[in-house]
């Protein structure tokens, strides 16, 4: 979970200087292989990335809606940073409680023999195709 926390914080900081979809697209291919290498459930890492990428509360440039209200509301950088810091801390604490402690119950998959599923195995296909490969294996 220390690695999960670092991934969460890095993604959260990055999503405040670029759009959240771009952040998720950029960090997912970097952090999922790290999760495999460190034997961490990559589904938990993916959930952490998604949640952290949805936290662009610190700056007006992290989200299009933040940018839209800057001029009409006569808002400055600190108008976003002060309340955004509190929201980011709360979301980080709640995420670091729930993702590591409860994520493995729903995010771990098992194959038909009862062995732990795909996340313990090194994929031989791109990560986006894993679910399709698993479905094909289950159909045979």
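Numbering (the working numbering), first residue to last: 61 to 200. From the three backbone atoms N, C-alpha and C, an ideal C-beta is built for every residue, glycine too.
When DSSP states are grouped into helix, strand and coil, residue 61 belongs to the coil group. Residue 77 counts as exposed, since fewer than 16 other beta carbons sit within 10 angstroms of its beta carbon. One thing to note: residue 155 has its Cβ within 7 Å of the Cβ of residue 111. Nearest Cα to residue 138 within the set 152, 117, 124 and 151: 117.
Residue 157 sits exposed, since fewer than 16 C-beta atoms from the chains shown fall within 10 Å of its C-beta.
Per DSSP, the continuous alpha helix (DSSP H) segment holding residue 89 begins and ends at 80-97.
By the CB criterion at 7 Å, residue 98 and residue 63 fall inside the cutoff. Secondary structure of residue 75 (DSSP, three-state): coil. With contacts defined as CB atoms closer than 7 Å, residue 102 and residue 109 fail to qualify as a contacting pair.
Sixteen is the threshold: when 16 or more other Cβ atoms of the shown chains lie within 10 Å of the Cβ of residue 75, as they do, the residue is buried. Following the DSSP letters along the chain, one finds residue 110 inside the alpha helix (DSSP H) bounded by residues 102-113. Counting the other CB atoms within 10 Å of its CB gives residue 120 a total of 16 or more, which places it among the buried residues.
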